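Here's the structure we're looking at; comments come further down.
Number of protein chains: 2
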Amino acid sequence: MSYFRPEIEQMAGYVPGEQPQGGKFIKLNTNENPYPASAAVGRAITASIERGLAKYPDPLATGFRRRAGEVLGVGPDWILCGNGSDDILTIVTRALVGAGECLRLPYPSYILYRTLAQLQGARSEEIRFQANWSLADDFTQVSRDTKLVFLPNPNSPSGTVLPPERILEIAERLPCPLLVDEAYSDFADANCLSLIAKSDKIMVSRTLSKSYALAGLRFGFLVAQPHLIEQFTKVKDSYNVDALSIAGATAAIDDQAWLRENVAKVRKTRDRLTAGMRALGFASVDSEANFVWNPHPEIPLKPLYEHLKAAQILVRYMDYPGWGDGLRISVGTDEQIDACLAVLKSKM
Amino acid sequence: MSYFRPEIEQMAGYVPGEQPQGGKFIKLNTNENPYPASAAVGRAITASIERGLAKYPDPLATGFRRRAGEVLGVGPDWILCGNGSDDILTIVTRALVGAGECLRLPYPSYILYRTLAQLQGARSEEIRFQANWSLADDFTQVSRDTKLVFLPNPNSPSGTVLPPERILEIAERLPCPLLVDEAYSDFADANCLSLIAKSDKIMVSRTLSKSYALAGLRFGFLVAQPHLIEQFTKVKDSYNVDALSIAGATAAIDDQAWLRENVAKVRKTRDRLTAGMRALGFASVDSEANFVWNPHPEIPLKPLYEHLKAAQILVRYMDYPGWGDGLRISVGTDEQIDACLAVLKSKM
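The structure is reproduced here in structure tokens:
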């Protein structure tokens, strides 16, 4: 006899990308930033250690919300902080989607969304992207019990975006909130922040893991209208972000000059990666994220992934049933990308 | 029309103890440790900053689990780490208790347990402690759909304990797992760790917030049999503890000499607080935690709480319907406790 909910027993569980804790791997598999975070982050955390860790942190991370609000042009009450944006996605799903209800998402996209539905005992209904990674109107034809729609923009694994005006159109046709997962939007030309005031159905989640080079810190946030933020706050753990993360995240978002410079470097290397992969025959997709999706029209890719791993280079091999496989390669430094391209070239 | 699950709309939400972010308050309201954490913690976090924060942390916090396992006498696969023990309580509830099912707890105890049931769309069934803070056998007479029992030991607000042999007896009569919330057990004479190998129904949660003086860090963990840990791992966020917290927590649990010395100081001041409150006429309960529960047979306590707050001393005023009210005062330094006692004396 099992003590567990049947949904939990039956789940395979979400498997995050490999995180080797030793060795000399070039990690191009989990979309981490290849550069160190702004030096202001370390200074702010050190100051926080000196103030002491015996007291609970501010449950609402008010200091971060004030500064982020100024940077993003919204009030602090439009922001909810989370222990990484995964925490935000969990909070939103738990608040909106009950057992037996439905969560809509595009396919292929972030595998975690499906796991979040399973954990709630809810269904997930996946609508395929078109071949050019746009979404047809069937995406907005939801069931009566659909309570939440996830839309990563830029999407993973493709790195493609839907333009904000298309997203507003989608939201207006939906009966329920649309969470635009903007984990990668700092690397893109546009984002959906300005849509939030236009419709309380549009919410945007962000993370500091990618564009601020702080995956180790676990800090993400949601931007939504205040009456929604108020309800989500009931669902989060009381002290869901720790004192060090709040200090570091506030310093990070305060340093927009660092962000601009970092994004420019990543975008430049992204072009180099895309061109290099295409020269090897991959059907690489134009990316607005910090990774590139590389299917290949002819050759099997799993062995290439293995070759790269044997050469201490980790990329992500992904195979989406009914869609196809590819290598998702994070944008590293120019040197890391050149090393990756060289190994691929030697094996093809 | 609301987008939210009806359970969420109807919830008041858990209100954590006041966390003033400025001012010169003596904080005796949320059971924080009055002393700074082991100096090894700050050093470990600083080293972690120097290693960089751009990479994701170890999703399973293996370094911590190894060291904690050695200290506690269990294997690393008996341990699950969480973003504070609230994260652990959330994970366990989500894994075991489905919508419409039932969660059992004693009353009065930690208010959050009830919130966790509400979030799941589950019921909570509360059984009153006896007048002497023991639990009668009706505690084990659960409904057929009871899937989890919470038992804080030491309990809050009382600071009282049930002996481990009684807890084993309770677990053996239950059809479902019993989570013994040992947030305060380092301040007590006994704990339930050794029971876990005897019964897979007994699980123990711990936190570094209280006895390790690390409330600002958010780090807690569960100890349970490995086949249970495996299922709970599916429910947690992939990277639920950050790199800095893992480093700090590992250093903290490694410094058992610091823990012993700290606990001795807190227990000594606890005696001083209890004696001082009794001298003022409070019916203070003998505590095995780092706080003391102080009902008073005659006078109203809310005004005393207000007087203390006006004097920049925060304690917790708690009023449990059907049970009665009291002041829950955390054990501070001797000086803080003397200041608190002096204000109380001047107003009584």
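Taken in order, these protein sequences are the chains called W and Z. First residue of the first sequence: 1, per our numbering; consecutive thereafter. First residue of the second sequence: 1001, per our numbering; consecutive thereafter. Yeah, the Cβ is synthetic: ideal placement off N, Cα and C, and Gly gets one too. These figures come from a predicted structure and were not determined experimentally.
Exercise for the section: Determine the contact status of W:C81 and W:F232, defining contact as a CB-CB distance below 7 Å. Expected result: no
Problem - Test: W:M203 CB closer than 7 Å to a CB of chain Z - result: no
Practice task
Report whether the distance from the Cβ of W:F232 to the nearest heavy atom of the ligand FAD is below 6 Å.
Solution key: Looking for the ligand FAD in the displayed structure turns up nothing, as the structure carries no ligands at all.
Practice task
For the beta strand (DSSP E) holding Z:P1152, just list the boundary residues, first then last.
Solution key: Element bounds for Z:P1152: T1146 to P1152.
Handout entry: W:P16 versus Z:T1250 - alpha carbon distance
Key = 23 Å
Problem - Pairwise C-alpha distance: W:I45 and Z:E1182 - result: 29 Å
Problem - Residues that W:E125 bridges to, as DSSP identifies them - result: According to DSSP, W:E125 bridges with W:R104.
Practice task
Can you tell me which of the three DSSP states Z:G1324 falls into?
Solution key: strand
Practice task
Specify the secondary structure class of Z:F1139 as computed by DSSP and reduced to three states.
Solution key: helix
Exercise for the section: Buried or exposed for W:A264, please, with buried defined as at least 16 other CB atoms from any protein chain shown within 10 angstroms of its CB. Expected result: Residue environment for W:A264: exposed (fewer than 16 other C-beta atoms within 10 angstroms of its C-beta).
Exercise for the section: Output yes if chain W places a C-beta closer than 7 Å to the C-beta of Z:C1176; else output no. Expected result: yes
Problem - Distance between W:R66 and W:L60 (C-alpha atoms, nearest Å) - result: 11 Å
Practice task
Mark Z:P1226 as exposed unless 16 or more other C-beta atoms lie within 10 angstroms of its C-beta, in which case mark it buried.
Solution key: exposed
Practice task
Kindly say whether Z:E1261, judged by its beta-carbon, lies nearer than 7 Å to any beta-carbon of chain W.
Solution key: no
Handout entry: Exposure of W:E335, with buried meaning 16 or more beta-carbon neighbours within 10 Å
Key = exposed
Practice task
With DSSP as the reference, please indicate the residues paired to W:Y317 in a beta bridge.
Solution key: W:L327
Practice task
Would you kindly work out how many angstroms separate the C-alpha atoms of W:P152 and W:Q256, rounded to a whole number?
Solution key: 23 Å
Exercise for the section: Report the neighbours of W:K55 on chain Z: residues whose CB is nearer than 7 Å to its CB, in chain order. Expected result: Within chain Z, the residues K1027, E1032, A1215 and G1216 have their CB atoms less than 7 Å from the CB of W:K55, given in chain order.
Exercise for the section: Report the residues of the stretch 184-212 of chain W with a CB closer than 7 Å to any CB of chain Z, ordered along the chain. Expected result: none
Problem - Length of the line joining the Cα atoms of W:A224 and W:I88 - result: 12 Å
Practice task
State whether the stretch 122-141 of chain W contacts the stretch 269-283 of chain W, with contact taken as three or more CB pairs (one from each stretch) at a distance under 8 Å.
Solution key: Per the Cβ contact rule, the stretch 122-141 of chain W is not in contact with the stretch 269-283 of chain W (fewer than 3 Cβ pairs under 8 Å).
Practice task
Assign Z:I1091 to one of three DSSP states: helix, strand, or coil.
Solution key: Three-state DSSP puts Z:I1091 in a helix.
Handout entry: Rounded separation between W:Y317 and W:M277 - CA only
Key = 15 Å
Handout entry: For Z:M1203, the first and last residue of its enclosing beta strand (DSSP E)
Key = I1202 to T1207
Problem - Selection from Z:L1105, Z:V1097 and Z:T1115 that minimises the alpha carbon distance to Z:I1127 - result: Z:L1105
Handout entry: Residue range of the unbroken alpha helix (DSSP H) whose run includes Z:C1340
Key = Per DSSP, Z:C1340 is one residue of the alpha helix (DSSP H) stretching across D1334 to K1347.
Handout entry: Cβ-based burial, W:K27 [other Cβ within 10 Å; buried from 16]
Key = buried
Practice task
Go ahead and pull the three-state DSSP assignment for Z:K1027.
Solution key: strand
Problem - Proximal chain W residues relative to Z:Y1113, where beta-carbon distance stays under 9 Å - result: Within chain W, no residue comes near Z:Y1113; the closest Cβ sits about 13 Å away, beyond 9 Å.
Problem - DSSP state of Z:L1096 mapped onto helix, strand, coil - result: The answer is helix: DSSP assigns Z:L1096 an H, G or I state.
Problem - Neighbour list for Z:D1086 in chain W, Cβ cutoff strictly below 9 Å - result: Within chain W, the residues whose beta carbon sits less than 9 Å from that of Z:D1086 are D237, S238, Y239 and N240, listed in sequence order.
Problem - Within 9 Å of chain W by C-beta, residues of the stretch 1006-1019 of chain Z in sequence order - result: P1006, E1007, I1008, E1009, M1011, A1012, G1013, Y1014, V1015, P1016, G1017 and Q1019
Problem - Z:G1220 - partner residues in DSSP beta bridges - result: Z:G1082 and Z:T1207
Handout entry: Nearest to W:S124 (by Cα), restricted to the options W:T115, W:V241, W:A131 and W:P321
Key = W:T115
Exercise for the section: Evaluate the contact criterion for the stretch 275-295 of chain W versus the stretch 150-164 of chain W: three or more CB pairs, one atom per stretch, below 8 Å. Expected result: yes
Practice task
In the DSSP assignment, find the beta strand (DSSP E) that holds Z:V1292 and state where it starts and stops.
Solution key: For Z:V1292, the enclosing beta strand (DSSP E) begins and ends at F1291 to N1294.
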